[in-house]
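J.: In our numbering, the protein residues as written are -14 to 124.
C-beta atoms are modelled at their ideal positions from N, C-alpha and C, and glycine is treated no differently.
As structure tokens, this is what we get:
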């Protein structure tokens, strides 16, 4: 009976985590609505994203050190946000970077914001992965 209760608690935690991620993604979507971002420079884009978050009072952290080797561009709660634009990195290199992030306990889900046409699995190391192709939203 205790094991059954334990599994129910785990399922509820997973469902709550998905709801939190969905809510966070909806807040990001609202922050980006009707915005035209400069895709020429990653640092300028990061600044513009910060301003969009600030306008909607979204609490976030920039340049979050996950460990000695990995720094993610933004964190909103446990959602890691990585930006890749105008990159010559291969899809495999980007995947491996996301994979490293997804091994960290601070990260429950990850959002890749990119100007690159890229296909990434929906789950990496048991963590949800979302891709926002900014080039499509800029049309």
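For chain C, is any of its Cβ atoms less than 8 Å away from the one on residue 78?
T.: In the structure shown, chain C does not exist; there is a single protein chain.
J.: Quick check: what's the CA-CA separation for residue 69 versus residue 76?
T.: The straight-line gap from Cα to Cα measures roughly 11 Å.
J.: For residue 95, list the residues DSSP reports as bridge partners.
T.: DSSP, once it has assigned bridges, lists 65 and 114 as partnering residue 95.
J.: If you reduce the DSSP assignment to three classes, tell me which class residue 34 lands in.
T.: Here residue 34 sits in helix by DSSP.
J.: I believe residue 116 touches residue 103 by the beta-carbon criterion, under 8 Å. Please report the beta-carbon distance rounded to the nearest angstrom.
T.: Contact holds; Cβ gap of about 6 Å.
J.: Let me confirm a value: residue 60 is counted as buried when at least 16 other C-beta atoms fall within 10 Å, else exposed. Which label applies?
T.: Its Cβ being crowded by 16 or more others within 10 Å, residue 60 is buried.
J.: For residue 90 and residue 98, what's the separation of their Cα atoms in angstroms?
T.: Going by the C-alpha atoms only, they are around 21 Å apart.
J.: Could you give the DSSP three-state label for residue 47: helix, strand or coil?
T.: Strand at residue 47.
J.: Got a sec? Which residues, its chain only, sit under 7 Å from residue 20 by beta carbon, not counting five neighbours each side?
T.: Cβ within range, chain order: 37.
J.: Which value, in whole angstroms, describes the spacing of the CA atoms of residue 15 and residue 54?
T.: Approximately 32 Å between the Cα atoms of the pair.
J.: Determine the contact status of residue 58 and residue 31, defining contact as a CB-CB distance below 8 Å.
T.: Closer than 8 Å, so yes.
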